[in-house]
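Residue numbers (the UniProt record's numbering), protein chains in the order written: chain A, 1 to 562; chain B, 1 to 779.
Some notes on the structure that comes next.
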Amino acid sequence: MCVCPGPRRIGIPVGSSGLPLFSDAMPAPAQLFFPLLRNCELSRIYGTACYCHHKHLCCPPLYLPQSRLRYSPHPVYATFCRPKESWWQYTQGRRYASTPQKFYLTPPQVNSILKANEYSFKVPEFDGKNVSSVLGFDSNQLPANAPIEDRRSAATCLQTRGMLLGVFDGHAGCACSQAVSERLFYYIAVSLLPHETLLEIENAVESGRALLPILQWHKHPNDYFSKEASKLYFNSLRTYWQELIDLNTGESTDIDVKEALINAFKRLDNDISLEAQVGDPNSFLNYLVLRVAFSGATACVAHVDGVDLHVANTGDSRAMLGVQEEDGSWSAVTLSNDHNAQNERELERLKLEHPKNEAKSVVKQDRLLGLLMPFRAFGDVKFKWSIDLQKRVIESGPDQLNDNEYTKFIPPNYYTPPYLTAEPEVTYHRLRPQDKFLVLATDGLWETMHRQDVVRIVGEYLTGMHHQQPIAVGGYKVTLGQMHGLLTERRAKMSSVFEDQNAATHLIRHAVGNNEFGTVDHERLSKMLSLPEELARMYRDDITIIVVQFNSHVVGAYQNQE
Amino acid sequence: MADYSNKLYQQLEQETGIQTGYIRTGSIFLAQTQDRLISLKRINSRLNVIGIPSEIISPKKVAELHPLLNVHDLVGAMHVPEDAVVSSADVALALASAASQNGVQIYDRTSVLHVMVKKGQVTGVETDKGQIECQYFVNCAGQWAYELGLSNEEPVSIPLHACEHFYLLTRPLETPLQSNTPTVVDADGRIYIRNWQGGILSGGFEKNPKPIFTEGKNQLEIQNLQEDWDHFEPLLSSLLRRMPELDTLEIMKLVNCPETFTPDMRCILGESPLVQGYFVLAGMNSAGISFGGGAGRYLAEWMVHGYPSENIWELDLKRFGALQSSRTFLRHRVMEVMPLLYDLKVPRWDFQTGRQLRTSPLYDRLDAQGARWMEKHGFERPKYFVPPDKDLLALEQSKTFYKPDWFDIVESEVKCCKEAVCVIDMSSFTKFEITSTGDQALEVLQYLFSNDLDVPVGHIVHTGMLNEGGGYENDCSIARLSKRSFFMISPTDQQVHCWAWLKKHMPEDSNLLLEDVTWKYTALNLIGPRAVDVLSELSYAPMTPDHFPSLFCKEMSVGYANGIRVMSMTHTGEPGFMLYIPIEYALHVYNEVMSVGQKYGIRNAGYYALRSLRIEKFFAFWGQDLNTLTTPLECGRESRVKLEKGMDFMGRDALLQQKQNGVYKRLTMFILDDHDTDLDLWPWWGEPIYRNGQYAGKTTSSAYSYTLERHVCLGFVHNFSEDTGEEQVVTADFINRGEYEIDIAGHRFQAKAKLYPVTSLFTHKRRKDEVELSDLHGK
C-alpha cells in the first residue's frame, strides 16, 4: 500500500502511451530477480537471463532494503548497477534491438518465483496429550513493491497456550510493517501472561538469570528481525510488563484475550510513537525509529487456543474462515471488518470522533483526509501527532528525514489529530468441526479474488482429489470416449493443485494467474510475474497469505467434552 | 506352470461336464519399444524350447490377427496361439465338483479360526462350526493368508499384501467381437484387453497402485471398494489409444477387485519352516488363474512325495523370513511390485522400496565412498563403487539388455582383485554355529553333509547339504573351529531354509546346539595377491602358505582387535582371506585394512566384481546354478563327496546309483565366441543352449570375464534323444564333442564348452612391458 500523492491501485495502465505490457517486446523484468536473488539461485537465473537477453536489460536494480543489505551482503550485488533510465527509456531502447524476442517464463521459472517465499509449519504430534487444534499452516508472499512492504509472522506462545498468526501490510515503506511483525506478538504474549509469570521474568532480568522463552517463532529464512533495534525494543517491552505488574491488583486471574489483544496493539503503537519522539543517541537507530513511525502498517492477527479463535484487525487485511458444509461444499465466513471507506461503521466512527465541520474533509475520495485508504493503522504519525510535534521532530531529526518531501508534508484539513488509531476490532469465534481452515491475507489477495473463490480453492486444495465427487456410471449410458473426455478434464483441473505443496502458493497462483474462466492460465501468470517492478505495482499489490488448517478431530473432541 | 494350467482347464470341461468358458483365443503381447521387443524375443526363445508354440510377428501381422488394434506405434509383437481364456468362477466350480466327485468334502460358509498345532505338527483346524482333525493344512486364503498365518499360536509369516485392481467391462460392440479374438497384452501401455461377451474386458497394472487392507480384514474398506474412474484414467487413455474405435462403446461397469502381491513378484508356495504339515499357496500376483493349476500340482506333489517334481525354490515360502513380514514393508513393496508386472524386466534389477533394512556396520562408510547397493534377503550388499569423478545414468535410463554403464567400474575392481587387493563386505552370508558337548555335532553333520567333516581342527570343507535324491538343499563351507564346534557359511537367502532343514533333521538333544550367528559377524573378503601382505602387516603373523595353507581357519588379531576369524578362502578362487569380525570391531578392522592396504593398492569392490571372478572360475552358486534337483556329480563336484567316508549320509544312495548309471545333465561352462560385448545383447540366464543345433538345456547364470575378455555362461547340458525326446546319460565325451550355441533373444552365438575352468586364469601375471606410470597411483 502507498500513500498519496499519485494514484494507486490502477487496474489498467493509464493514458494512451501504449505501455508495452503485453506487447512482444517485454524486457527482462527486474522484478523477476528479486525473489530469486534471495533464494541464492542467482547464478543459475542470472546465467539463463543473460543467455537470452541483452545484458543491460537484465541487471537487477539494487534496491534491497537497507537492513537487508546489512545482513546479507552479497559480493555479486556489487557488480550490478541500477539502471539510471526508467523502464520507459529502456523499453524504447529495446526497440532498436535487432532481434526482437518474446520473453516468457517457463513453468519451472514461474514456480521458483512463486515458491521463493513459501513456508509450511506442521504442529508436531504429541502422544495424545495436549493435542493442538491447529494442524499447521502454509504461508507465502509475492512482492509487487520493491522491496515488499508486506510482512507476516507466526509463533506459538510458550508460557500460555495458543498460536499467533498475523499479516501486516505496510505503506510508505516497509519500516513500520517490519517493526510490527517483530514486536506485536511479544506485546500480545506479554498481555496474556499471568502475573506470576511476569514477575518471574522480571526477576530473571533483574538478577541476570536466563529468561523464560515466551514465543516460538515459525519463520521463513527471508523473514528477518532487526538486530540493531533489538535492545531498544526489549526495553520498551520490559517497561510495558513492568507497568502490567504494577497495575495488577491481585484480584482477577482470568485474562481476557480480547482485552489483551486490544491493549497489545495500542501499547505497541504508543511505543512506536514514543520512541520516535524521544529519539536515540545511535544515529542509525534514531533514523530507524523515525522511519517506523512515519511509515504505516495494518495488521490482522489471529490467536488460536483450542476452540477459541480471536481475530484482531486493524486496517484492511482480512481473516476468512473456510467452512465445509455437510454436502462437501465450501462457504466463507468473514471474521474481520475492513477499516476503510467501504465500511459504514468506520465512516460513522470517524465523523463522530471529529467536529461536525470536518465531516466532509475527514474522508475524501474514500481516503482518510483524502490521503490514506485504511482508516486504522500502526505508525503513520502524520495522522496522529499534532502539527507542532511533527515539525519539531522533523527539524531535530536527521537530514534524510528533512530531505524527504513526504514526511514534511502535512495532510490537508488537519485540525483535530489524532485521525488514526491502531486499536483493533476483535472478533471471537468458537471453532466447530466444520471450520476447516482460516485464511489471513493482505488486501493484495482480496482485491483480486472473491472471498468465496478463495475459500473454495483452498478447500479443494486441502482436501485434495479425495473429496472431489467421484464419478459413477450407475446405469447411465456413457461411452468410453465420453468418460475419457470427462476424466482428462478433471485431471487437468487437479494438476495445478499437485504442482503446489503449499496452500498459500496455490492461492497466489490463482490470484495472479486466473483467467476469466477461473482457471490458472500459464501465459497470464508468466506475464504478470515478469512485469518490471515499476509496472508490477500498477497491476497488483503485495500479496501475503497465511492458511491455518484446523484439526477437526481435536475441535470435535472439545465439543464432545462439554 | 501356466502350461499345465492350460492343459488342466482344457480337460476339466470333459471330465466334469461343467462349462469353464475355455476358449482357445491365443494372445498377442505388444511391444512399443525395441527394449520390449527384446524382452519378448527372450521369452519367445524360452517358450519354443519347452514346446509352447509362439512367434515374433510384425505390426502388420498384428493388425491381421485383431481387427481393432492400432498398430502404428508398435515395433513388433509376440503371438502365442495356444493361449486360452476361461471364466474363473466356472473353473473354480468345475474344480470343486471334480474334487467332490472324488470324495472331497467342502464346507461352505465356514471360517477358520486357527490351525491347531502339537509339537510343531498340524493336528487340526478350529472353525466357527467346530474342529476338523487333519494332518495337512493348506493356507490358500489369498489376501487373508497373512492374517490367517498370524492367527496361529506359533505364527506362520506369509508376506503378501493386497492392492486394488480395476478392470473395465463394456457392453457388446455393434458387431460383437468374435469369441476367439486374441487376448492383447500391451505392457508398455500397462493394459490387457480380452473379449467379454461380445464386448471387452480391460484392466491393467497402473504406476500408482492403491494398497488396501494394510491393517487386515476391514469391513469398512471392503464396503468402500468402489469404482475409481480418476484412478483408471491413464489405463483408459491407453486403451483408447490402442483401440480408437472403442470410443463410442458403452461402459457397463468398472470392477474393483483387490489382488494380492508378494515382495518379489513371485507366488508363495510350500511348507512352513516352523510347522510341519502347514502348507501355503497364496500371493498369485494377479496370475491366479494362469498359474493356479500348475501351482496346485506342485503343492500336491510336495504333500504326497515330500518334494515337488521341479525346482521351485524361487516360489518356496522359505525364501522369506519373518523379516519380510512388516506391514509397512509389504505395503511399500507391493506398491513397487504391482507396476513392475508390466514394467520392462531387465537384468540386475533391484527393488527400490523396503531397503536399508539389514545393513553391515560399515554401510555408511562404504556408502560415502560411492557404493551402489543391491538387496538380498533384506541385507544391503555393495554392487560396485562409483569413483568420485564418475557419474552413472539415472535409474530409468540405466535399464538395458546391452552393456551396462558400470562396465568400466567393475573392470577396474576386477583388475585390482587380480593384481593387488580388494575388500568386499560380505556380511550378508548366513552364518550358523553348531556345537555339542560330545561328538553329536560331528555325527549329525557327517550325516547331513556329503563331504567328510572329520578333518583336523582349523580346516575348512566345501560341502553340500543334500536331500534324499542327492540334490543340493544348500551348498556351504564349514570350518571346524574345535573338536566339537563347527562354523557354517551359507548363501544369504538360506537363513530360513537351512535353519528349517537342520532343525528338522537334528535329533532333539539339549547337548547339541545350533545357533544363528549371522548378525554377530561382519565379513570382509580380502581378495587378491597382496591380501597376504596386508594381513601379515596387521597381525605380525606369518601368512605364507606354509603357515596358513589354503582352506584354513585361524583366530588371530588384526590391528588392535583380537579374535578375528581369518579363513584362507575368497569364494572366487582367487587368493585371499575372509575375515569374520565380531561386529564391534568391524569399523576398526576395516579402517586398519584400508590404511595399511593403501600402499598395496587396496580398494573397495562389490558383488559384481565377485560374480565376474566367480563365474569365470566356474564356481557354481546355490540358488542360481544349483538347486534341490542338482547333485554334486552333475556339476563336477565328485571331490566334494566322500562316498566312502565310513558312514551313511543323506543322499548317498542316490549318488551311488548315479555314479553307477551316469548323470543325465551336466553343469557346463560356456565361453561365448562371436559375441560383441559392446554391440550384442548380453546373456543373462535362462537362455536356451543348442548342441549341434539341438536344444540341450538352459543357462543358469552368466557374467563377463574381464580376464578372458569374453562372456561366460554356466548352464546344464542334457542329452535329449532325437527320436523320443527322452533324457539320456551325459558323459564328458558327449559334452566335449558337441558344437554349442547360446540363443540370446533369438540370436544364436557360438560357444565353447568347458567342464573345468580355464587354467590360464590361475597363473595370471602381468607382463612387464604392460606396466605404466598410472599403476603407481594409489587407488
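Cβ coordinates follow ideal geometry from the N, Cα and C atoms, glycine included.
Does the separation of the CB atoms of Y298(B) and T628(B) fall below 8 Å? Residue 298(B) sits at position 298 when you count from the first residue of the second sequence. Residue 628(B) sits at position 628 when you count from the first residue of the second sequence. No, the pair does not count as a contact, with Cβ atoms beyond the cut-off.
Taking Cβ positions only, does I471(A) come closer than 8 Å to chain B? Here residue 471(A) corresponds to residue number 471 of the first sequence, with the count starting at 1. It does; some Cβ of chain B falls within 8 Å.
CA-CA distance, Q32(B) and E215(B)? Along the second sequence, one-based indexing puts residue 32(B) at 32. Along the second sequence, one-based indexing puts residue 215(B) at 215. The straight-line gap from Cα to Cα measures roughly 39 Å.
Kindly say whether G481(A), judged by its beta-carbon, lies nearer than 8 Å to any beta-carbon of chain B. Sequence index remark: in the first sequence, residue 481(A) carries index 481 (1-based). Yes, its Cβ sits closer than 8 Å to a Cβ of chain B.
Could you check what DSSP says for H231(B) in three-state terms: helix, strand or coil? Taking the second sequence and counting its residues from 1, the one referred to as residue 231(B) is at position 231. H231(B): helix per DSSP, three-state reduction.
Short check: CB of D83(B) to CB of T25(B), under 8 Å? As a first step, residue 83(B) must be located in the second sequence, where it is residue number 83. As a first step, residue 25(B) must be located in the second sequence, where it is residue number 25. Cβ distance < 8 Å, so D83(B) and T25(B) count as in contact.
Counting only beta-carbon separations shorter than 8 Å, does S237(B) have a partner in chain A? The residue given as residue 237(B) occupies position 237 in the second sequence. Output row for S237(B): interface = yes.
Burial state of V278(A), where buried means 16 or more other Cβ atoms lie within 10 Å: Residue 278(A) sits at position 278 when you count from the first residue of the first sequence. Flag for V278(A) reads exposed.
Just to check my reading of the structure: T518(B) and Q495(B) have Cβ atoms closer than 8 Å, yes? What is that Cβ distance to the nearest angstrom? In the second sequence, residue 518(B) corresponds to position 518, counting from 1. In the second sequence, residue 495(B) corresponds to position 495, counting from 1. Confirmed, about 6 Å.
Please name the residue or residues paired with H459(B) in a DSSP beta bridge. Locating residue 459(B) in the second sequence gives position 459, where the first residue counts as 1. For H459(B), which the question treats as bridged, DSSP gives the partners F552(B).
Assign D425(B) to one of three DSSP states: helix, strand, or coil. As a first step, residue 425(B) must be located in the second sequence, where it is residue number 425. Note: D425(B) maps to strand in three-state DSSP.
Among A359(A), L368(A), T407(A), the one whose alpha carbon lies nearest that of K382(A): By 1-based counting over the first sequence, the position of residue 382(A) is 382. Nearest C-alpha to K382(A): T407(A).
Backbone secondary structure at Y521(B) - three-state DSSP: For the purposes of this step, residue 521(B) is identified with residue 521 of the second sequence, where counting begins at 1. Residue state, collapsed to three classes: strand.
Contact list for the segment 46-73 of chain B against chain A, Cβ threshold 7 Å: none
Take the Cβ of S283(A) as the centre, count every other Cβ of all protein chains shown within 10 Å, and call the residue buried at 16 or more, exposed below. If you number the first sequence from 1, residue 283(A) lands on position 283. Exposed, by the Cβ-count rule.
Could you check whether the Cβ of H553(A) sits closer than 8 Å to any Cβ belonging to chain B? Walking along the first sequence from the start, residue 553(A) turns up at place 553. False, the Cβ-Cβ gap to chain B never drops below 8 Å.
Cβ-Cβ distance between G559(B) and V534(B) below 8 Å: In the second sequence, the residue the question calls residue 559(B) occupies position 559. In the second sequence, the residue the question calls residue 534(B) occupies position 534. No. Outside cutoff.
For R266(B) versus L69(B), is the C-beta distance shorter than 8 Å? Within the second sequence, residue 266(B) is the residue found at index 266, counting from 1. Within the second sequence, residue 69(B) is the residue found at index 69, counting from 1. Result no, Cβ atoms of R266(B) and L69(B) do not sit closer than 8 Å.
Between which two residues does the alpha helix (DSSP H) harbouring R36(B) extend? Indexing the second sequence from 1 puts residue 36(B) at position 36. Start and end: 34-49.
Got a sec: is the Cβ-Cβ distance from E310(B) to anything in chain A below 8 Å? Position 310 of the second sequence, counted from the start, is the residue given in the question as residue 310(B). Output row for E310(B): interface = no.
With a threshold of 8 Å, are at least 3 pairs of Cβ atoms found where one atom belongs to the segment 643-662 of chain B and the other to the segment 443-450 of chain B? yes
Excluding the five sequence neighbours on either side, which residues of its own chain have a C-beta within less than 8 Å of the C-beta of K345(B), listed in chain order? Locating residue 345(B) in the second sequence gives position 345, where the first residue counts as 1. The residues are S39.
Neighbouring residues, chain B, relative to L487(A) (Cβ below 7 Å): Position 487 of the first sequence holds residue 487(A). Chain B residues near L487(A): W229, D230, E233, L236.
Counting only the same chain and skipping the five closest in sequence on each side, list residues whose C-beta sits under 8 Å from that of L672(B). Position 672 of the second sequence, counted from the start, is the residue given in the question as residue 672(B). Cβ within range, chain order: P683, R710, H711, V712, C713, I742, F749, Q750, A751.
Through-space distance from L315(B) to L8(B), alpha-carbon basis: Mapped onto the second sequence, residue 8(B) falls at position 8. Mapped onto the second sequence, residue 315(B) falls at position 315. Straight through space, the alpha carbons of L315(B) and L8(B) are spaced by roughly 21 Å.
Below 8 Å on C-beta distance, what does E164(B) contact in chain A? Numbered from its first residue, the second sequence carries residue 164(B) at position 164. Near E164(B) there are no residues of chain A at all, since even the closest Cβ is about 13 Å away, more than 8 Å.
Mind checking if H484(A) is an interface residue toward chain B, Cβ cutoff 8 Å exclusive? Here the question's residue 484(A) lines up with position 484 in the first sequence. Yes, H484(A) counts as interfacial toward chain B.
Taking just the CA atoms, how far does I212(B) sit from D405(B)? Working through the second sequence from its first residue, we reach residue 405(B) at position 405. Working through the second sequence from its first residue, we reach residue 212(B) at position 212. Distance between the alpha carbons of D405(B) and I212(B): 38 Å.
Sort D246(A), M320(A), E182(A) by Cα distance to D338(A) and report the nearest one. Start at 1 with the first residue of the first sequence, and residue 338(A) comes out as number 338. With distances taken between Cα atoms, D338(A) lies closest to M320(A).
Does chain A have any CB closer than 8 Å to the CB of H249(B)? Counting from 1 along the second sequence, the entry for residue 249(B) is found at position 249. The sequence shown places Leu at residue 249(B), not His. It does: the Cβ of L249(B) has a partner Cβ on chain A nearer than 8 Å.
With 8 Å as the threshold, decide whether the Cβ of K253(B) is near any Cβ in chain A. By one-based count along the second sequence, residue 253(B) stands at place 253. Closer than 8 Å: yes.
Going straight from the alpha carbon of A394(B) to that of K403(B), what length do you get? Start at 1 with the first residue of the second sequence, and residue 394(B) comes out as number 394. Start at 1 with the first residue of the second sequence, and residue 403(B) comes out as number 403. Approximately 15 Å, taken between the alpha carbons.
For the segment 602-680 of chain B, which segments carrying the alpha helix (DSSP H) assignment without a break, of at least 4 residues, lie completely within its bounds, in sequence order? 607-616, 652-661
Tell me the residue span of the alpha helix (DSSP H) that contains Q390(A). Translated into the one-based positions of the first sequence, residue 390(A) becomes position 390. Per DSSP, Q390(A) belongs to the alpha helix (DSSP H) from 387-396.
In the structure shown, what three-state DSSP assignment does G189(B) receive? The residue given as residue 189(B) occupies position 189 in the second sequence. G189(B) falls in the helix class under three-state DSSP.
Does the beta-carbon of T544(A) have 16 or more other beta-carbons within 10 angstroms, so that it is buried, or is it exposed? Reading the first sequence from its first residue, position 544 is the one you call residue 544(A). Buried.
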